[in-house]
Structures are given as structure tokens and as C-alpha cells.
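>
Residue numbers (this note's numbering): 2 to 173.
(1) Three-state secondary structure (DSSP) at residue 3?
(2) Buried or exposed, going by whether 16 or more other CB atoms sit within 10 Å of the CB of residue 97?
(3) Taking a contact to mean a Cβ-Cβ separation below 8 Å, would you say residue 156 touches residue 168 in this structure?
(4) Would you report the Cα separation of residue 104 and residue 127, rounded to the nearest angstrom?
(5) Could you name each continuous beta strand (DSSP E) segment of 3 residues or more that falls completely within the stretch 66–125, going from the start of the chain to the end?
(6) What residues match up with residue 53 in a beta bridge as DSSP calls it?
(7) Taking only three categories from DSSP, how would you classify residue 146?
(8) If you reduce the DSSP assignment to three classes, tell me which class residue 43 lands in.
(9) Terminal residues of the continuous alpha helix (DSSP H) containing residue 33?
(10) Thinking just about the alpha-carbon of each residue, which of 36, 48, 111 is nearest to the one in residue 134?
(11) Counting beta carbon pairs with one atom in the stretch 5–17 and one in the stretch 133–148, are three or more of them shorter than 8 Å?
(12) Measuring CB atoms only, is the stretch 158–165 touching the stretch 24–42, in the sense that at least three cross pairs come out at less than 8 Å?
(13) Taking the alpha helix (DSSP H) that residue 59 belongs to, which residues open and close that run?
(14) Report the residue from 129, 112, 110, 76 whose alpha carbon sits nearest the alpha carbon of residue 102.
(15) Going straight from the alpha carbon of residue 111 to that of residue 171, what length do you get?
(16) Among 113, 70, 117, 78, which one has its Cα closest to the Cα of residue 56?
(17) Between residue 4 and the rest of its own chain, which residues show a CB-CB distance below 6 Å, the 5 nearest in sequence each way excluded?
So this is what it looks like as C-alpha cells:
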């Protein structure tokens, strides 16, 4: 599914997990198609990335975490699931956001967040102070997943090219 669909699913699964912990009854209203859609076991347990203005983050580590959750590094952000790094600025288009967000760092401190327009890359009025970033793919390639893909590569010759990429940590 598209990064937008994946983000919505993961946000919903995370919210359901939160509600389940409250021990209060709740109702879920869904389309038949969405209710019947299979979901990978444990997908709700993979943590989202949380950003808050004023907190410190390591930029090299941040880029690696975004790649790990299947965000694609590009020169200019135009679609959900993409990010770009230029000095102390990270442009990021979260899977659940209406607009991309520009994260401005001063050293390791997240100094400011601003939404911006994809069309002209100019800042919009919205300046969020918190941001939740959900993965862009449903299959997160952890070391265990990559190892299992390498093992399965010879078992399923029809899927060998896809499994080889997953074994190398490349989302397909």
C-alpha cells in the first residue's frame, strides 16, 4: 500500500493499543474492506518517531532511523514517506501529515518546526511543536527480517530477487 495508507493504518493500530490499555470499552467503525485487510502481527508494537521542539536529536542517527522505517532520502521532498537533509535542516513528509514539515536544528537541539508547501517549498503559517512519524512501509526490515529473507531466498525461486533486496535491507 501507499505510504499514506500505511501511516493511517499504523496510527490507528497505535491508537487502538492505547485504548486497549485504558480497560474502557470502545467501538471501532470501519469499512468492510479495511476490517478484512490482513495486518502483519506485531506491527502496532513498532514505535513511531516523536519529535518535540526544544529536545535534542543526533542528525546522523535521525537519518538512519528514517531510512530504517522505510523513508526515502531525496534531494527535495514532494511525496509522503520522503525526507531530505541539508545541514541543520531536515525536510520530512510524514505518512499521516497533510503537508511536509521542516525541522530546523541548532546543533543537536530541534529549534523549530514549520509546515511547508510542496509546490514552492515555502513555509506555511502552521508551526507545530510536536510531530509523530509512522513508518512508510508495513514490513520494517529489521536484522531478523533481513536474515529470514536471506534464508528464504533459495526456498522460493520466484521471489528470489525481492528476497535478495530485503536481505540487503532494501525495501521493495
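Just so it is clear, CB atoms sit at the ideal spot from N, CA and C, and this is done for glycine as well.
Quick look at the numbers:
(1) Collapsing the DSSP output to three states places residue 3 in coil.
(2) buried
(3) Taking the C-beta atoms as reference points, residue 168 is found no nearer than 8 Å to residue 156.
(4) 13 Å
(5) 83–87, 90–94, 102–107, 110–116
(6) In the DSSP output, where bridge partners are listed per residue, residue 53 has 131.
(7) helix
(8) coil
(9) 33–37
(10) 48
(11) yes
(12) The stretch 158–165 vs the stretch 24–42: no contact.
(13) Per DSSP, residue 59 belongs to no alpha helix (DSSP H) and is neither H nor E.
(14) 129
(15) 29 Å
(16) 113
(17) 81, 82, 96, 137
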